[in-house]
Structures are given as structure tokens and as C-alpha cells.
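In UniProt numbering, the protein residues as written are 264 to 544.
Ideal Cβ positions, reconstructed from N, Cα and C, are used throughout, including at glycine.
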Amino acid sequence: FFASSSVAGFSTYSPNMDEHSPRRLTLMGELKRAIERDELQLYYQPKINLTNNTVTSVEALIRWKHEQHGYIPPDEFILLAERHRMIRPLSHWVLQEAFKTCAEWHRDGIDLTISINLSTKDLLDPELPDQIAGIAAKTKVQPEWMHFEITESSIMGDPTRALIVIERLRSMGYQFSIDDFGTGYSSLAYLKKLPISELKIDKSFVLDMLENESDAIIVRAIVNLAHNLGLTVTAEGIENAESLEMLKAVGCDVGQGFLFSKAVPQDELRAWLAEWNGRAH
Ligand code: C2E
Ligand code: MG
Ligand code: MG
Ligand code: MG
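This is the structure in C-alpha cells:
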């Protein structure tokens, strides 16, 4: 079903990708059911502090294992959910699940921050801050335990409206990261104005930087830019020791990637963490 849709090619017009095709609509009905029946799962990928090898945060990444089609990548069903006005219930589910898990961890003395990905539509929803405040109150999660990842593109669609939501959450104590940095369309002048605390270098640069000098130059430039703006810089897509060494050498603060761990269910994350913390680094 999804075989022909690469992540990058997804928004093009191949006939069976038609968003109104019966199969797509069926899938959206199934997603709705999956949310209602709690058939989605939130996985967590550790973010490693590259200066001291500690793990103080994780990124929450949604997983949908469809009974017939198997695993459907989030890049694909999130875009669909946005088009079919399903993103609100989806994001609500993600927020509830992540806040609940965060509260459990802190109750058990696991002092981790969770980064949650927000979509374009979330940033345009003026009710989002109140909704988050409600979930935080119910789960007794402190804002400092939660970060939100947004992309340049998700802000630039309607920067004025997006900024209202971002500023509100910021004033409540939540921090923001720019995800996939370097692939979007924001201007540096705009970046300076955003109340963010982290830049995440897109994994395409990190994956290619050992073979491609331009990618290595871009990685170094983003690290310097972030530091000069007083921001933390995180690299995603660290798959091997060589990339890790290069990132450490250029002063990247935090790293994420298959070299450390892929995203895993929360019980596996606990086991991974115990193992990681027990190891000498
Ligand atoms: P993202 O936020 O940029 O997440 C990073 C993606 O890179 C994840 O893919 C992760 O599994 C993958 N990744 C991590 N380390 C490596 C590595 O070393 N090598 C490679 N090749 N990939 C790595 P995933 O989980 O498929 O998520 C894709 C995108 O879907 C995310 O990109 C994010 O934009 C979106 N997404 C995921 N979960 C959510 C969610 O709960 N809500 C929203 N709105 N979007 C989500
Ligand atoms: Mg992210
Ligand atoms: Mg990313
Ligand atoms: Mg992404």
C-alpha cells in the first residue's frame, strides 16, 4: 500500500496517493479508531549529552502498527492526519501519553525531559496552550520536564499565529527546539526572534557529512550559529562512531541516533538507560 510513497515524494501526485482515494479515507477511519482504541504507541529515543555522556532527555516518536499494512511511518500518517483534520485528536493522544509517562518516570526517580514533536496545525490551534495546561495539571508534570520540537516550515506558514501559541507556552515554562534545521525556509532574522533554546541539525546533513564536504561544512556552520545565538545544538542521525567523533570535534552539544539507540517503548527505554548509566564512559 505504502510501497510507492517515499517520505520525500509523498506530497506529489501519483494517482494512488490521491488524498481522496477510498483507501486513504479508509486509512483515516482506521486512524481514528486506532486513537480511540489506543492502538498507537509512543516510543522514546535517548538524546545523549556529548560532553559528559549523560542522558537527560528523550524524544517521543509515535508508532502505528496497522493490522494489515504493518508499520506505517509517522511522516506519512501525520501528513494525512493534517489534511483530514485528524491532527487534533492525534496530538492530544501524544500529549496525554507523553505527560503520563513523564509523570511515571519522575515518580520513579528517572529525571528525564521529553521532547514532543508538534505539527504545523498544532501551532495554529489557539486552544493548544490551555489544553496542555490541563494535561499538565492532571498528570502533575512540570513544564521544565517537557520540550516541544517544531520545524521552520511549521512556523513560516503563518508566523504571527504560530508565535502566539509558542509565546504562550514559553511563558508557561515550556522550551522549544527547531527540528530538521537547515531544511526549511525560515530566515536567520526570524530565527533570532523566536523564543527557542535548541537547534536540531537535520539528519540528512549528519548522515552524509563523512562523504560530503558540503554537508560537513553545513554541520559546522549550524553548530557555530547555534552557539553564537546562545542555543544548544543537537545532531540527529548519528549512526556510527566516525560521525560521533566529528560532531564532538566541532563542539556539538547533544546527539541522537541509531549508534546509541533507536526509539523504543518506554519499558525498553528504562532498561536501556539502566544499562547505559551502569557502563563506564
Ligand atoms: P523527527 O522529529 O525529525 O524525528 C527524527 C526521525 O529520525 C525519527 O523518525 C527517528 O526514528 C529517526 N532517526 C533517529 N535516529 C536516526 C538515525 O541514526 N538514523 C536515521 N536514518 N534515522 C534516525 P520517525 O520516528 O520515523 O519520525 C519521523 C518524523 O515524524 C519525525 O521527524 C517527526 O517529524 C514526525 N513525528 C514522529 N512522531 C510524531 C508525533 O508524535 N507528532 C508529530 N506531530 N510528529 C511526529
Ligand atoms: Mg523531532
Ligand atoms: Mg528531525
Ligand atoms: Mg522530521
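Going along the chain, which residues of its own chain have a beta-carbon closer than 6 Å to the beta-carbon of residue i, five neighbours each way excluded?
{"i": "Ala271", "result": "Any reading at Ala271 needs caution, since the residue's pLDDT is 37, under 50, leaving its predicted position unreliable; the model's value is listed next. Same-chain partners within the cutoff: there are none."}
{"i": "Pro406", "result": "Met435, Gly436 and Tyr437"}
{"i": "Ala425", "result": "Leu386 and Ile418"}
{"i": "Gly447", "result": "Thr414, Glu415 and Ser416"}
{"i": "Val404", "result": "Phe362, Cys365 and Ala366"}
Mind reading off the beta-carbon distance from residue i to residue j? Whole number of angstroms is fine, and I expect it under 8 Å.
{"i": "Phe444", "j": "Leu462", "result": "5 Å"}
{"i": "Glu345", "j": "Ser382", "result": "6 Å"}
{"i": "Ile459", "j": "Leu494", "result": "7 Å"}
{"i": "Ala452", "j": "Thr402", "result": "Going by Cβ atoms, the distance from Ala452 to Thr402 rounds to 38 Å, so no, they are not a contact pair."}
{"i": "Leu536", "j": "Glu505", "result": "The Cβ separation is near 25 Å, so there is no contact."}
{"i": "Asp471", "j": "Asp478", "result": "4 Å"}
Once you ignore the five residues that flank residue i on each side, which residues in its own chain have a CB closer than 7 Å to its CB?
{"i": "Trp539", "result": "Val318"}
{"i": "Ser449", "result": "Glu415, Ile418 and Met419"}
{"i": "Leu375", "result": "Thr319, Ser320, Val321 and Trp368"}
{"i": "Pro297", "result": "Pro is not the amino acid found at residue 297; the sequence shown has Ala there. Around Ala297: Leu303 and Trp327."}
{"i": "Val486", "result": "Val496, Val513, Gly514 and Cys515"}
{"i": "Leu507", "result": "Ile501, Gly518 and Leu522"}
{"i": "Asn503", "result": "Leu522"}
{"i": "Gln308", "result": "Val321, Glu322, Leu324, Gln519, Ser524, Lys525 and Ala526"}
{"i": "Asn316", "result": "His544"}
{"i": "Pro528", "result": "Gln304 and Tyr306"}
{"i": "Val469", "result": "Val482, Ala498, Glu499, Gly500, Ile501 and Ser506"}
Shortest alpha-carbon distance to residue i belongs to which of the options?
{"i": "His355", "options": "Glu367, Gln394, Arg370 and Glu322", "result": "Gln394"}
{"i": "Glu322", "options": "Arg542, Arg533 and Ala526", "result": "Ala526"}
{"i": "Arg429", "options": "Gly397, Leu391 and Lys455", "result": "First, the residue type needs correcting, since residue 429 is Ile and not Arg in the sequence shown. Answer by Cα proximity: Leu391."}
{"i": "Ile350", "options": "Met291, Ile481, Glu360 and Lys455", "result": "Met291"}
{"i": "Met509", "options": "Tyr307, Leu313 and Gln308", "result": "Leu313"}
{"i": "Ile413", "options": "Ile379, Ile427 and Ser284", "result": "Ile379"}
{"i": "Phe439", "options": "Ala479, Gly372 and Trp408", "result": "Trp408"}
{"i": "Ala396", "options": "Phe362, Ile427 and Leu492", "result": "Phe362"}
{"i": "Leu288", "options": "Arg348, Lys310 and Ile311", "result": "Arg348"}
{"i": "residue 545", "options": "Lys310, Leu343 and Tyr334", "result": "Beyond the ends of the chain as shown, which are 264 and 544, falls residue 545; an answer cannot be given."}
{"i": "Gln359", "options": "Ala399, Ile373 and Asp371", "result": "Ala399"}
{"i": "Leu457", "options": "Leu492, Ile480 and Glu476", "result": "Leu492"}
I'd like to know if residue i contacts chain C, where contact means its C-beta is closer than 9 Å to some C-beta of that chain.
{"i": "Thr319", "result": "Chain labels in this structure do not include chain C; a single protein chain is all it has."}
Near residue i, what residues of its chain come up, given a Cβ to Cβ distance below 8 Å and the 5 sequence neighbours on each side ignored?
{"i": "Asp530", "result": "none"}
{"i": "Ile341", "result": "Ile325, Ile350, Leu353 and Ser382"}
Query raised in the report: Is the stretch 380-400 in contact with the stretch 413-431, if contact means three or more CB pairs nearer than 8 Å?
Result: yes
Query raised in the report: Along the chain, which unbroken stretches of the alpha helix (DSSP H) at least 4 residues long are found entirely within the stretch 418-459?
Result: As far as the stretch 418-459 is concerned, its whole alpha helix (DSSP H) runs of at least 4 residues are 422-434 and 451-456.
Requested in this report: Check whether the stretch 314-333 touches the stretch 293-306, counting contact only when three or more Cβ pairs, one atom from each stretch, lie closer than 8 Å.
Outcome: yes
Requested in this report: Evaluate the contact criterion for the stretch 517-530 versus the stretch 494-501: three or more CB pairs, one atom per stretch, below 8 Å.
Outcome: yes
Query raised in the report: Taking only runs of the beta strand (DSSP E) that begin and end inside the stretch 313-391, which ones reach a length of at least 3 residues, in chain order?
Result: Whole beta strand (DSSP E) segments, 3+ residues: 318-329, 333-335 and 376-380.
Query raised in the report: In chain order, which beta strand (DSSP E) runs of at least 3 residues are fully inside the stretch 473-525?
Result: 495-498
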